[in-house]
Every structure is written in structure tokens, then in C-alpha cells.
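Protein chains in written order, with our numbering: chain A, 8 to 168; chain B, 13 to 447.
Have a look at the structure below before the remarks.
What follows is the structure, encoded as C-alpha cells:
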């Protein structure tokens, strides 16, 4: 299991960004309707904050086994079979986030070479792809540890709330 | 291998993964990825698609609605506003036959009007209303069944998270969906109220009348509705009046709730932190579902399977209402094995294009599918709301709660029949609002 500390840190970053996002949109709407003067690049900033809100929460959601599944058979499975499903889930997770991380590396190089930035706020794009790659790598490590734990006979997640 | 065969094999593979308990979003993602690999004979296409879908889904401004409506619901749940609503409705309706159960239904509807969830409504209103219903010797079955059923109103009455996700997937206006949910939501509430009233008129011992309150107490209690009423008017009125779009309305709603909480001196940092964390978990879970749905949807477009299914079904020459009846039966059966999200995820990509081909409106179908999936919350063996209710009243057997839910299940079917035969019940209000 990837240590909860870095993941919890990411999740706290996520909730911080959510608060900023709420305030930003409210101010933008208020300025637009009351003073007819929206924040320049407000929509762009909201989109970037949204990316952070969503992505930073995925590792914590995965750690807490928060992804919905069909429980009907799973909940009645003996622990041996549950471990097989966990292993399969881990393989699926590693494959998906492995592919994502691989492509993000390409995106980082591409965006850096062209010095691409957002239209209004001129924020470089490549650090956002670094973030997606980082989150993907965190998830890969998480799934690797879950898979290993399943092979070694542990059920997952041990700290399932 | 022809594309249709690849598509069918991919879907079978996905269903197998889901059945054995691999999380639904991951089953969709990996099935879509494998399907893309086979169809395009390489990894480049799927890696690009995956990356693009994650990027577009996470930066799409419409998606702002998801975390912020979730946060609204969490804040409402933790701010004791629900108990204010219950107290007010109790004073007005408690004296009717079955009045306490009716109070629970109306309170769940009011709670849904600002929270957008179903389970929180049951978990919040249940512990509030059960003690008084027990005090007045209400039938356990009616008491628990009415609350478990009324919880479902929250996902139909706007703002509804399910309508947001449906809107994102099918590119249907979320504003129109929200406005469209109002009349069917109220109809459903009235149907539930009528069920309780009739049951208690026929058998008064099921739900004896509650205490009497004088007009002064009743009028004073209206103060307590002010917070919920103002937030609902702010959010839905803002959308209806074209002041802001549903995503912006979500942010305005969150700020509105914060202001209400501060004015009522109910701000609690630890509860707020819990609300933010819970919202983050659910938002992240929904992001993966949305990405999985998009990947699978793109794969389906590549294989033309959906077009094939539509041609096959429309080629049968069946009346469109017969097809809707068959779809309804399918949803009732699926409701026994899948939860709300599972049903939405697995059916909307296929059924939505078919329903549009049959001449139904996308907004109408959104409301219809949400009502159909609501039923999954109260039908055995999954019926999540019933299990939540069982936790509230551990001494009432599950079977008794499921029996208590049955009359409300039938009432919901009547509402579905009404909106199918008269689709304008759903489409009239959004048509006026977005002229």
C-alpha cells in the first residue's frame, strides 16, 4: 500500500482547490452580472482548478476502495476468490494508468518543445501533464502494492472504511 | 473479425468483469481499451484517446457541476437544515391521517431540492422521523417504507447529480434537465403522499394522526423553511431565469449555503472538512466513471454496434410505446442486480440513441431513466435505501421494509406511465424556460 501520507496530502490539496474554485466562479458570476466585468481568464482558471480537484482525489478514492462495483457476487465470494478479483483489478489499473502515464510523457515533451500555454492566463500546459503523469504513477504504485498483497494472501483494502 | 462481433465480445468481457466485482468504471475502461486495440491494431490510438478523454473530462467547465452539487448536498446534510424543514412540515401536515409519514415524504422532497442525493435523505430524515412515528404507533412497515421510498425523490428533484452525469454523457442541456425534473418530482411526491393518505384512511391504525399545533406555531415554523427555500430559488430560479448556467449555479448554491450556515451560527469546521473530503472522494469516483463511459462510447461509435442495434429494433416494426415498455421491464430487472450508477452507465450509451430514434426527447428520457433507476434503490435484493433504513431501525426486519416500499413502488410506476403517455409533463416547463 502506497503510504497514506502522500495520498492524503494530495487529497487535501484537492479540497483546497475546490474551495478556491467555488469562490472564483462565484466572484466571476457576480462581477459579470452586477458590474458587467467578468474576470479575464476566469473560465480558464476554473478549468485548471477543476483538473486539480478531480485528479488529486483519485488516488485517495482508490485507496479507500471508493470506486463502485457490483457487490452481489463479490460480497459473497470466499477470500481466495476475492484476492483473484483484486489481482485482476490491479492488473487493469496498472494497464490503464500505465498507458496514460506513457502518453503523458509524450505530451510533456511535446508541450515543452512548443512552449504551449493557456490562451488568456499564459499558464504553461506541460506542468499539468506532469501532474496527470504523477497521479498515474501514484496509482500504478498503489495497484502494484494491492496486487502484491493479493498474491501474498492479504485481502484489499485492509483499511476499507 | 467484423466490428459488430468485436463489439459484442468486448461487451461480454466487460459484463464478466463487472459481475465478478471489478469496479464498473475500470471494467469499462479496460474493455474500451482492449476493443480499441483490436479494432485499430495498435496501442497508439488508445493511449491518445485515453489521454484526450482524461484531459477533456477534467477540464470541461460543465463538469464543475459535479463536485459543487455534491458539496452542496454534503453541507446541507451536515448543517441540520433538514431538521428545520422536518419541524416545519411536521407542524403543518402532522395532523393528517398518516401525517407523520407524509411529513417524512415532503421533508425528503424538500431535502432533495437542495441536496441532490437519495441516501443522505434517508439517513438524515429517517432518524428524525422514526421516533415520533413510533411514539404514535405507526406501522413499522409504512413508516420505514415511506422514508426509504421518499429518499428516491432527491435524485429526481433538481439539483440532481444523476441528471448532471446524464447531461454530460448525452450532451443534453443540464439546465433543461433540472427544470424538467421539477414537475415529475412533485408528481412523484404527491403520489407518495396520496398512497399514505389512502392507506391511513382505509386502515387508520397504520398511521394515527399526530399532535395538534395552533396557527401561531405553524406560521412561526415557516421561518425554518426560509433557508431551504432561498437556496432552491437561488439555484433553480437562477437557471430558470437565465442568470447563470447549472455549473455556475452550483458555485452560487455552495456560497449561498455557507452564508446561511454562518447566519444561523451553525458553522462547524470539522463537519465542513468532512463534507469537503466526502465530496472529493465521490467526485474522483465520478470522474473515472465519466472517462470510462466516454472511452466505451467512442469504441461503440467505432464499431457501429449502436447503429446496428437501433436498425434491428426499429426494423421489428414495434410501436414505440411497446419498446418503451420493454425497456422499462429491462430496467426493473436490472434494478435487481445493479445499483443506480451501474444501471445508468451500462444502459444509457445504448438506449439513449434508440430512444431518440423512436422520436422521444433526450430531456424526457433523462427524467424517465432517472425515475427507472430510482426504483433500483428500493427493489430487492440490492435496494440501497432499504438497507440504509434498516440501519436506522435495526429492529425492523428487511422483509418488512421491502413490503412497506411496495405501494410506493407501484405509485412510481403509475408516474412513469403518466410521463410516458403524456411526455409534455416533462418537456413543458423546460420548453417554456428555454424559449
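Cβ coordinates follow ideal geometry from the N, Cα and C atoms, glycine included.
Inset, instruction - Counting only runs of 4+ residues fully inside the segment 51-115 of chain A, write out the alpha helix (DSSP H) ranges in chain order. - result: 78-81
Inset, instruction - Say whether chain B places a C-beta atom closer than 8 Å to the C-beta of residue 109 of chain A. - result: As a first step, residue 109 of chain A is located in the first chain; it is residue number 102 there, counting from the start. True, the Cβ-Cβ gap to chain B drops below 8 Å.
Legend entry - Close-in-space but distant-in-sequence residues of the same chain around residue 76 of chain B (CB under 6 Å, 5 per side omitted): On the second chain, residue 76 of chain B is found 64 positions in, with the first residue counted as 1. These residues qualify, in order along the chain: 259.
Legend entry - Endpoints, alpha helix (DSSP H) assigned at residue 397 of chain B: Looking up residue 397 of chain B in the second chain gives position 385. Counting along the chain, the alpha helix (DSSP H) containing residue 397 of chain B begins and ends at 396-404.
Legend entry - Paired residues, beta bridge with residue 131 of chain A - DSSP: What you label residue 131 of chain A is simply residue 124 of the first chain in a count that begins at 1. Partner(s): A:124.
Inset, instruction - Label residue 145 of chain A either buried or exposed according to how many other C-beta atoms from any shown protein chain fall within 10 Å of its C-beta, with 16 as the threshold for buried. - result: On the first chain, position 138 is the one that residue 145 of chain A refers to. By the neighbour-count rule (16 or more Cβ atoms within 10 Å), residue 145 of chain A is buried.
Legend entry - Positions along the segment 30-49 of chain A whose CB lies within less than 7 Å of some CB in chain B: 32, 33, 36, 40
Inset, instruction - Could you tell me whether the segment 382-401 of chain B touches the segment 409-421 of chain B, where touching means 3 or more Cβ pairs closer than 8 Å? - result: yes
Inset, instruction - Spell out a yes or no on whether the segment 296-303 of chain B and the segment 84-94 of chain B are touching, meaning 3 or more CB-CB pairs, one atom from each, closer than 8 Å. - result: no
Legend entry - Between the CA atoms of residue 103 of chain B and residue 5 of chain B - distance to the nearest angstrom: Since the first residue shown for chain B is 13 and the last is 447, residue 5 of chain B is missing from the structure and cannot be characterised.
Inset, instruction - Run through the segment 20-50 of chain B for me and flag every whole beta strand (DSSP E) of 3 or more residues, listed as ranges in chain order. - result: none
Inset, instruction - Would you mind giving the Cβ-Cβ distance between residue 132 of chain B and residue 85 of chain B, rounded to the nearest angstrom? I have them listed as a contact below 8 Å. - result: Along the second chain, one-based indexing puts residue 132 of chain B at 120. Along the second chain, one-based indexing puts residue 85 of chain B at 73. Right, the Cβ-Cβ distance comes to about 6 Å (below 8 Å), so this counts as a contact.
Legend entry - Below-8 Å beta-carbon distance, residue 179 of chain A vs any chain B residue: Examination of residue 179 of chain A is not possible in this model, given that chain A is present from 8 through 168 alone.
Legend entry - Three-way DSSP call (helix, strand, coil) for residue 342 of chain B in this model: In the second chain, counting from the first residue as 1, residue 342 of chain B sits at position 330. Here residue 342 of chain B sits in helix by DSSP.
Legend entry - Amino acids of chain B, ordered along the chain, whose beta-carbon sits closer than 7 Å to that of residue 61 of chain A: Numbered from its first residue, the first chain carries residue 61 of chain A at position 54. Near residue 61 of chain A (Cβ distances below 7 Å), the residues of chain B are 70, 295, 296, 299.
Legend entry - Collapsed DSSP secondary structure at residue 447 of chain B in the structure displayed: Mapped onto the second chain, residue 447 of chain B falls at position 435. If DSSP states are grouped into helix, strand and coil, residue 447 of chain B belongs with coil.
Inset, instruction - Take the Cβ of residue 28 of chain B as the centre, count every other Cβ of all protein chains shown within 10 Å, and call the residue buried at 16 or more, exposed below. - result: As a first step, residue 28 of chain B must be located in the second chain, where it is residue number 16. Exposed is the call here.
Legend entry - Interface residues of the segment 345-369 of chain B facing chain A [CB-CB below 8 Å]: 349, 350, 351, 353, 354
Legend entry - alpha helix (DSSP H) segment containing residue 150 of chain B, residue limits: Position 138 of the second chain, counted from the start, is the residue given in the question as residue 150 of chain B. Premise fails: residue 150 of chain B is in no alpha helix (DSSP H) and is neither H nor E.
Legend entry - Proximal residues of chain A, C-beta to C-beta of residue 45 of chain B below 8 Å: As a first step, residue 45 of chain B is located in the second chain; it is residue number 33 there, counting from the start. What residue 45 of chain B touches in chain A: 102, 103, 106.
Inset, instruction - Compare the C-beta of residue 99 of chain A with all C-beta atoms of chain B and state if any pair is closer than 8 Å. - result: On the first chain, residue 99 of chain A is found 92 positions in, with the first residue counted as 1. So yes, residue 99 of chain A belongs to the interface.
Legend entry - Member of B:379, B:284, B:325 whose CA lies at the smallest distance from the CA of residue 23 of chain A: Here residue 23 of chain A refers to the residue found at position 16 of the first chain. Considering only alpha carbons, the answer is B:284.
Legend entry - Test: residue 115 of chain A CB closer than 8 Å to a CB of chain B: The residue labelled residue 115 of chain A in the question sits at position 108 within the first chain. Judged by the 8 Å Cβ criterion, residue 115 of chain A is not in contact with chain B.
Inset, instruction - Quick one: using the 10 Å Cβ neighbour count with 16 as the cut-off for buried, is residue 110 of chain A buried or exposed? - result: Within the first chain, residue 110 of chain A is the residue found at index 103, counting from 1. Flag for residue 110 of chain A reads buried.
Inset, instruction - Examine the Cβ distances between the segment 65-74 of chain B and the segment 263-274 of chain B and report whether three or more of them are shorter than 8 Å. - result: no
Legend entry - Coarse secondary structure for residue 154 of chain A, derived from DSSP in three states: Here residue 154 of chain A refers to the residue found at position 147 of the first chain. The answer is helix: DSSP assigns residue 154 of chain A an H, G or I state.
Inset, instruction - Could you tell me whether the Cβ atoms of residue 303 of chain B and residue 69 of chain B are closer together than 8 Å? - result: On the second chain, residue 303 of chain B is found 291 positions in, with the first residue counted as 1. On the second chain, residue 69 of chain B is found 57 positions in, with the first residue counted as 1. Yes, Cβ-Cβ distance for residue 303 of chain B and residue 69 of chain B is below 8 Å.
Inset, instruction - State yes or no: is the beta carbon of residue 145 of chain A nearer than 8 Å to at least one beta carbon in chain B? - result: As a position in the first chain, residue 145 of chain A is number 138, starting the count at 1. Not one chain B Cβ lies under 8 Å of residue 145 of chain A.
Inset, instruction - Would you mind reading off the limits of the alpha helix (DSSP H) that contains residue 188 of chain B? - result: Here residue 188 of chain B corresponds to residue number 176 of the second chain, with the count starting at 1. From DSSP, the alpha helix (DSSP H) with residue 188 of chain B extends over 186-214.
Legend entry - Length of the line joining the Cα atoms of residue 187 of chain B and residue 213 of chain B: By 1-based counting over the second chain, the position of residue 187 of chain B is 175. By 1-based counting over the second chain, the position of residue 213 of chain B is 201. Their Cα atoms are separated by approximately 40 Å.
Inset, instruction - Please classify residue 166 of chain A: is it buried, with 16 or more other beta-carbons within 10 angstroms of its beta-carbon, or exposed? - result: Taking the first residue of the first chain as position 1, residue 166 of chain A is located at position 159. Interpretation of residue 166 of chain A is limited by its pLDDT of 43, a score under 50 that renders its predicted location unreliable; no figure is taken from the coordinates.
Inset, instruction - Inspect the CB distances between the segment 150-158 of chain B and the segment 175-192 of chain B and report whether three or more fall short of 8 Å. - result: no
Inset, instruction - To the nearest angstrom, report how far apart residue 98 of chain A and residue 159 of chain A are at their CA atoms. - result: Along the first chain, one-based indexing puts residue 98 of chain A at 91. Along the first chain, one-based indexing puts residue 159 of chain A at 152. Cα to Cα, residue 98 of chain A sits roughly 15 Å from residue 159 of chain A.
Inset, instruction - Report the three-state DSSP secondary structure of residue 68 of chain B (helix, strand or coil). - result: Numbered from its first residue, the second chain carries residue 68 of chain B at position 56. Residue state, collapsed to three classes: helix.
Inset, instruction - Determine the direct distance from the alpha carbon of residue 366 of chain B to that of residue 321 of chain B, and round the result to whole angstroms. - result: Your numbering for residue 321 of chain B matches position 309 in the second chain. Your numbering for residue 366 of chain B matches position 354 in the second chain. Cα to Cα, the separation comes out at about 8 Å.
Inset, instruction - Report yes if the C-beta distance between residue 193 of chain B and residue 165 of chain B is below 8 Å; otherwise report no. - result: What you label residue 193 of chain B is simply residue 181 of the second chain in a count that begins at 1. What you label residue 165 of chain B is simply residue 153 of the second chain in a count that begins at 1. In this structure, residue 165 of chain B does not lie closer than 8 Å to residue 193 of chain B by Cβ.
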